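In mature numbering (1 follows the signal peptide of the UniProt record, and there is no 0), the protein residues as written are -23 to -1, 1 to 381.
Below: one structure, written as structure tokens.
Here it is, written out as structure tokens:
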């Protein structure tokens, strides 16, 4: 009897421990995959404004180096400078920062002090004059973001556009439409957390090439329907928002469409090309920092969002069992409904710590005749344009030209 009692107690303890592990894993997975927050790859420790000198066109920041978790204030390239969460006006674009002018260690804490070029941005509301306006900003906690403009295509860039409401699975998606003369349309899908303002970076290029362009909000964005359960499913459910934009484009005459997606939205584009009833309209894909292998992305997101490393394995199990992410497997090169390969451009940053670069290289290797790769040296996740806009746009032009 005593042995039976001991066994029963042990079994109960094991069941209790198992249930606890499941609950902890679900909580960790939800933390890593919560919808909203900073752009993926830009969720590390914040920087603090030390001083602003608009008369000299510089701003000085202190924070962790870019070699640490997240994006440090010395990250190469051109970025928006936004007020961080918990700061008055959180999410507001304060200005645009460019090249690093000076960088030095800040004491023995591993932090650095960085002086960068401060650029005026007419669309951001961050006017460099009068200088007194900037006196409020020192001490403000800030983040870098890939989006260097705020507003809409007209206020930020002077481009004509229409504000649309596209019906989708969960509700309507506020969408910008920038008209163009060609019969090849573009649907541009921003990275999670970056907002559709990220696409403003590329809109002048698309407009110069006369490409009609749809820029939809996506579930979880301000003004769009919330993501179910507040969870980002890394494109496995969100692709239906891209499909809604594709249906709208087809309804208004688009016979050929290129999908451009950043981060998890690149995975949305891939899934749309595979599963949409209108996939025959898709002529090409541009995948900027595609995740492809979601366990690697989950690990990076968990680190950004403070999930202890020992819990990441539990989070992965919960992401599959509780949240419903698919079993990880190699990505099949996309094809047209008739079996012909679909042209794909994969853009990667050499310093991307979120997306699996090996999975991207595998995709290229499996279909070298239709999938081409462009690597941006020094770029982090979904920030290739920010580091080398001229090179990025030239590679995109060469990819799009045969499709026009």
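Ideal Cβ placement from N, Cα and C applies to all residues, glycine included.
Here the structure is a predicted model, which is why all the values come from computation and not from measurement.
Spatial distance of residue 348 from residue 263 (CA atoms): Straight-line Cα distance between these residues: approximately 10 Å.
Same chain, Cβ closer than 7 Å to residue 293, five either side skipped, listed in chain order: Within the same chain, residue 293 has close Cβ partners 272 and 275.
Three-state secondary structure assigned by DSSP to residue 176: In the structure shown, residue 176 sits in a helix (DSSP, three-state: H, G or I).
Residue environment, residue 203, which counts as buried when at least 16 other CB atoms sit within 10 Å: Residue 203 comes out exposed.
Span separating the alpha-carbon of residue 455 from that of residue 159: Because the chain is modelled from -23 through 381, residue 455 falls outside the range shown and cannot be assessed.
Candidates 130, 279 and 284: closest to residue 190 by CA position: Checked all of 130, 279 and 284; the closest Cα to residue 190 is 130.
Close beta carbons around residue 8, own chain, < 6 Å, minus the five adjacent residues each side: So the list reads 282 and 284, once near-sequence residues are dropped.
Status (buried if at least 16 other CB within 10 Å, exposed otherwise) for residue 369: Burial call: buried.
DSSP state of residue 210 mapped onto helix, strand, coil: Residue 210: coil per DSSP, three-state reduction.
Whether residue 213 touches residue 302 by CB criterion (8 Å): A Cβ-Cβ contact shorter than 8 Å links residue 213 with residue 302.
Span separating the alpha-carbon of residue 28 from that of residue 90: Distance between the alpha carbons of residue 28 and residue 90 is about 11 Å.
4 or more residues per run - each alpha helix (DSSP H) lying fully within the segment 285 to 360: Qualifying alpha helix (DSSP H) stretches, in chain order: 289 to 298 and 334 to 343.
Rounded straight-line distance, which links the Cα of residue 194 to that of residue 168: Residue 168 and residue 194 have their C-alpha atoms spaced approximately 11 Å apart.
Supposed close pair residue 340, residue 310 - CB separation, criterion 8 Å: Sure, about 6 Å apart at Cβ, within 8 Å.
Top-ranked residue by Cα proximity to residue 171, from 1, 17, 290 and -1: The residue from 1, 17, 290 and -1 with its alpha-carbon nearest to that of residue 171 is 17.
Separation of residue 144 from residue 229, as counted between CA atoms: If you draw a straight line from the Cα of residue 229 to the Cα of residue 144, it comes to about 14 Å.
Residue ranges of each beta strand (DSSP E) within the segment 48 to 80, 3 or longer: Fully enclosed beta strand (DSSP E) runs of 3 or longer: 56 to 60.
Distance cut-off 7 Å: residue 49 Cβ against heavy atoms of the ligand COA: This structure does not include the ligand COA; it has no bound ligands of any sort.
Contact set for residue 469: own chain, Cβ-Cβ below 6 Å, skip 5 residues either direction: The chain is shown from -23 up to 381; residue 469 falls before or after that span and cannot be answered.
Beta-carbon proximity of residue 122 to residue 57, cut-off 8 Å: Less than 8 Å separates the beta-carbon of residue 122 from that of residue 57.
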